[in-house]
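In the numbering used here, the protein residues as written are 41 to 172. Where is the CB? At the ideal position from N, CA and C, for every residue including glycine.
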């Protein structure tokens, strides 16, 4: 298990982080421990100096997202309704980041949507390091 700046996968009450982080900042919000670990491990393989902040839900991650002036990618277990409710896409975009959805709701919505019409990328299971 990797720890960065006092954070480890599935920690739901992390320490306050710097808003001027020089390393890339990633947020992983998932109830699935193995998914969180796989994404975190892959990020660290690609960006050894990255800061990865992990939470059990995107709602719990919002304070950390808002504390940072820049975000690289947020991997969120969420569907369109939750993204809209939290204005998550707008908050991440103002920080220069990218939103990637995952989980049952996002996968079902993606499958039901017309090809190319789903508004955000979805990390579908099973996924590989190459996709992340």
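In whole angstroms, give me the CA-to-CA distance for residue i and residue j.
i           : j           : result
residue 106 : residue 75  : 23 Å
residue 161 : residue 65  : 18 Å
residue 84  : residue 151 : 30 Å
residue 118 : residue 89  : 27 Å
residue 86  : residue 146 : 25 Å
residue 163 : residue 137 : 16 Å
residue 154 : residue 148 : 12 Å
residue 141 : residue 122 : 11 Å
residue 165 : residue 144 : 9 Å
residue 133 : residue 96  : 22 Å
residue 102 : residue 63  : 19 Å
residue 82  : residue 104 : 21 Å
Report back the beta-carbon spacing between residue i and residue j to the nearest angstrom; my notes put them in contact at under 8 Å.
i           : j           : result
residue 69  : residue 98  : 4 Å
residue 67  : residue 93  : 5 Å
residue 139 : residue 124 : No, residue 139 and residue 124 are not in contact; Cβ-Cβ is about 12 Å, not under 8 Å.
Assign residue i to one of three DSSP states: helix, strand, or coil.
i           : result
residue 77  : helix
residue 154 : coil
residue 100 : helix
residue 7   : Since the first residue shown for the chain is 41 and the last is 172, residue 7 is missing from the structure and cannot be characterised.
residue 230 : Examination of residue 230 is not possible in this model, given that the chain is present from 41 through 172 alone.
residue 133 : helix
Sort out for me which residues DSSP pairs residue i with in a bridge.
i           : result
residue 139 : 114
residue 95  : 69
residue 86  : Residue 86 is not bridged to any residue.
residue 162 : 141
Please confirm whether residue i has its beta-carbon closer than 8 Å to some beta-carbon of chain D.
i           : result
residue 155 : Of the chains in the structure shown, none is chain D; there is only one protein chain.
Would the beta-carbon of residue i be found less than 7 Å away from any heavy atom of the ligand ATP?
i           : result
residue 118 : With respect to the ligand ATP, the structure offers nothing, as it holds no ligand at all.
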